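What follows is a set of notes on a single structure, which appears directly below.
Residue numbers (the working numbering): 230 to 569.
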């Protein structure tokens, strides 16, 4: 029997690639998608050939799994709807814009006995797996510092909601801190203090110019004694030959190592100059893992706790930038301490 998947919301930039990858699989039936924005729904249906329906119509078909790709601030309700029908959940990141919403998601999924998977495709990178093995085996010695960048073109030219503070919950910080925060967690690191500076940038960088943050630098103190920095900026200009870059440099007592998750690319000139990626499709591997979650009920490679931990770093970064001082991440995860 094919695994039945429904997409609840398609506002996120990754929704179309998820739909295309799933539609190519002979063992998956994509039931359709929901989207409140009529223009976005029409465009998505045109490009993917999928059925636009209401959440009630799709959930009545008893999907095994649901992928939530709404705007950041509206992910709670689709997760609750999916859980109520017994569907496992793959949720875009950040999983929410507040810790309260994220905790409600956890309770809903636990009560229904369904798995919650956070969309962290970088965990499926062979380069990430190799670095994790070297760190865990002690080949690099003790880590002294991590220096990470997650840069891209501002996504609000295609999806204006990315620069809407209400719908997105923030700008580049909300969009880009999560990936590197999660990689640090995957490598066994736990942040204790966060200091951040998040700033708006000139109009030529962001399509819908506003005071939302589009450039940022986050500094983390880690429980291991190491430190980490995350440059989370939308710093690539329009027309840049590839979407962005996810890189992490590791300085340790026994060596230095640089991780570039999207290093495999060709230089292509076809009307316009582009960097064409090749090799492993990380989204495809992540979706394959989620399909196995739907079939077996086992946990995914990244779960609710991983998405929640990354969100806490994001929330602490915004609180730190607003206050102009470091913010501690207490073990209890008190949202009041994170600028709620």
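Here a beta-carbon is modelled for each residue, glycine too, at the ideal position from N, C-alpha and C. Predicted model, so just to flag it, every value in this text is computed and none were measured.
- In the three-state reduction of the DSSP assignment, residue 241 falls in the coil class, being assigned neither a helical nor a strand state.
- Of the residues 547, 299, 408 and 357, the one whose Cα lies closest to the Cα of residue 488 is 357.
- Pairwise C-beta distances place the stretch 293–312 in contact with the stretch 235–246, as three or more of them are shorter than 8 Å.
- The three-state secondary structure of residue 294, taken from DSSP, is strand.
- In the DSSP annotation of this structure, the continuous segment of the alpha helix (DSSP H) that includes residue 338 starts and ends at 328–341.
- Rounded to whole angstroms, residue 525 and residue 298 show a C-alpha spacing of 23 Å.
- About 6 Å separates the beta carbons of residue 543 and residue 323, which is inside the 8 Å limit, making them a contact pair.
- Looking at the DSSP output, residue 532 sits in a beta bridge with 346.
- Where residue 265 is concerned, there is no enclosing alpha helix (DSSP H), because DSSP gives it neither an H nor an E.
- Rounded to whole angstroms, the Cβ separation of residue 522 and residue 375 is 29 Å, and the two are not in contact under 8 Å.
- One alpha carbon belongs to residue 398, the other to residue 355, and they sit about 32 Å apart.
- Inter-residue distance for residue 248 and residue 270 is about 13 Å (C-alpha atoms, whole angstroms).
- Contact between residue 367 and residue 477 is absent: CB atoms are separated by about 18 Å, not below the 8 Å threshold.
- In the DSSP assignment, residue 518 falls within the alpha helix (DSSP H) that extends over 511–525.
- In the three-state reduction of the DSSP assignment, residue 321 falls in the coil class.
- The straight-line gap separating the alpha-carbon atoms of residue 467 and residue 391 is approximately 15 Å.
- Between residue 325 and residue 540, the beta carbon gap of about 6 Å places them in contact (Cβ cut-off 8 Å).
- Taking one beta carbon from each stretch, the stretch 260–276 and the stretch 325–335 have fewer than 3 pairs nearer than 8 Å; the two do not touch.
- Rounded to the nearest whole angstrom, the CA to CA distance from residue 294 to residue 515 is 13 Å.
- Ranked by Cα distance from residue 373, the first of 387, 314, 449 and 315 is 449.
- In the structure shown, residue 441 falls within a coil segment according to DSSP collapsed to helix, strand and coil.
- Taking C-beta separations shorter than 7 Å and ignoring five residues to either side along the sequence, the partners of residue 555 in its chain run 422, 423, 424 and 549, following chain order.
- When DSSP assignments are scanned along the stretch 347–391, the uninterrupted stretches of alpha helix (DSSP H) that are 4 or more residues long and fall wholly within it turn out to be 355–366.
- Between residue 380 and residue 246, the C-beta spacing is not below 8 Å.
- Shown here for residue 256: same chain residues with a beta carbon closer than 7 Å to its own, the five before and five after excluded, namely 231 and 232 in chain order.
- Taking C-alpha positions only, residue 401 is separated from residue 389 by approximately 13 Å.
- For residue 404, the enclosing alpha helix (DSSP H) covers residues 401–415.
- The bridge partners DSSP lists for residue 233 are 258.
- Counting along the chain, residue 313 sits inside the alpha helix (DSSP H) bounded by residues 305–313.
- Per the DSSP secondary-structure output, residue 428 pairs in a beta bridge with 444.
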